[in-house]
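Enquirer: Structure provided below as structure tokens; questions to follow.
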Amino acid sequence: MRESTKGDFVDTIDRKQARKLIAGELDRYRAARTAGDGRSAWIALERAHVVAQSFFALHLVSHWRMLGYALALGDGREAAGQLFRLALVPLGSLTGRMPVGNTGRARISAFKPMPIPSDLEALISQRDKMASGR
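Start counting the sequence shown at 872; every next residue gets the next number (our numbering).
Spelled out as structure tokens, the structure:
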């Protein structure tokens, strides 16, 4: 992973690309949850959040899914953190202040920028090249 800035990853992805990437992560989440692999399930939800962050509705849904999973696990601390983040999403969208790369979990500051996984950046870069015919 490398540090990324807003003009880098976030501005190069459109809603259609975001939905495809998120769908893939949600497939991984469901498979991990079915297999009882909580760590992998959370990682998939975190990655979906990173992609969803710059789209208001997708961002809200990512925290809603995290809240649902936290409740299913009986994790009150995580559930409370997700409720807090659900309240923050509109403020972040209105002000344009979103911590790029933040995974969205309660154990991480809601204001901390984080590295974007390099494979997610590579997927975006690859799709950009295909779209432009390069």
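Cβ coordinates follow ideal geometry from the N, Cα and C atoms, glycine included. Small disclaimer: the values here were computed from a predicted structure and weren't measured.
Going by C-alpha distance, which of Pro-961, Val-960, Pro-984 is nearest Glu-970?
Expert: The count along the sequence shown starts at 1 and reaches residue 970 at position 99. The sequence shown places Pro at residue 970, rather than the Glu named in the question. Checked all of Pro-961, Val-960, Pro-984; the closest Cα to Pro-970 is Pro-984.
Enquirer: Please state the DSSP three-state secondary structure of Lys-891.
Expert: For the purposes of this step, residue 891 is taken as the residue at position 20 of the sequence shown. It is helical.
Enquirer: Between Ala-951 and Gly-895, what straight-line distance do the alpha-carbon atoms span, to the nearest angstrom?
Expert: Taking the sequence shown and counting its residues from 1, the one referred to as residue 951 is at position 80. Taking the sequence shown and counting its residues from 1, the one referred to as residue 895 is at position 24. So the alpha carbons of these two residues sit roughly 27 Å apart.
Enquirer: Among Val-921, Phe-982, Ser-911, Gly-909, which residue has its Cα nearest to the Cα of Ile-884?
Expert: Here residue 884 refers to the residue found at position 13 when the sequence shown is read from its first residue. Closest option to Ile-884, Cα to Cα, is Val-921.
Enquirer: Rounded to whole angstroms, what's the CA-CA distance from Ser-933 to Val-960? Just pull it up for me.
Expert: By one-based count along the sequence shown, residue 933 stands at place 62. By one-based count along the sequence shown, residue 960 stands at place 89. Their Cα atoms are separated by approximately 10 Å.
Enquirer: Use the C-beta contact count for Pro-988: other C-beta atoms within 10 angstroms, 16 or more gives buried, fewer gives exposed.
Expert: Stepping through the sequence shown from its first residue, residue 988 is reached at position 117. Its Cβ being crowded by 16 or more others within 10 Å, Pro-988 is buried.
Enquirer: Quick one: what does DSSP say Phe-914 is sitting in, helix, strand or coil?
Expert: Mapped onto the sequence shown, residue 914 falls at position 43. Note that residue 914 is Ile in the sequence shown here, rather than Phe. Helix.
Enquirer: Smallest Cα separation from Leu-931: which of Tyr-900, Gly-975, Arg-910?
Expert: As a working mapping, residue 931 is identified with position 60 in the sequence shown. Nearest option by C-alpha distance: Gly-975.
Enquirer: Pick out whichever of Ala-912, Gln-888, Gly-907, Glu-992 has its Cα sitting closest to the Cα of Asp-898.
Expert: Start at 1 with the first residue of the sequence shown, and residue 898 comes out as number 27. Comparing Cα-Cα distances from Asp-898 to each of Ala-912, Gln-888, Gly-907, Glu-992, the minimum goes to Ala-912.
Enquirer: Rounding to the nearest angstrom, what Cα-Cα distance links Gly-909 and Ala-903 in this structure?
Expert: The residue given as residue 909 occupies position 38 in the sequence shown. The residue given as residue 903 occupies position 32 in the sequence shown. Between the alpha carbons of Gly-909 and Ala-903 lies a gap of roughly 7 Å.
Enquirer: Please report the straight-line C-alpha distance between Leu-916 and Arg-886, rounded to a whole angstrom.
Expert: On the sequence shown, position 45 is the one that residue 916 refers to. On the sequence shown, position 15 is the one that residue 886 refers to. Going from the Cα of Leu-916 to the Cα of Arg-886 covers about 18 Å.
Enquirer: What is the rounded straight-line gap between the Cα of Ala-923 and the Cα of Gly-907?
Expert: Translated into the one-based positions of the sequence shown, residue 923 becomes position 52. Translated into the one-based positions of the sequence shown, residue 907 becomes position 36. The straight-line gap from Cα to Cα measures roughly 25 Å.
Enquirer: Of all the options Phe-926, Glu-949, Ile-893, which has the alpha carbon lying nearest to the alpha carbon of Leu-962?
Expert: If you number the sequence shown from 1, residue 962 lands on position 91. Ranking the options by Cα distance to Leu-962, first place goes to Phe-926.
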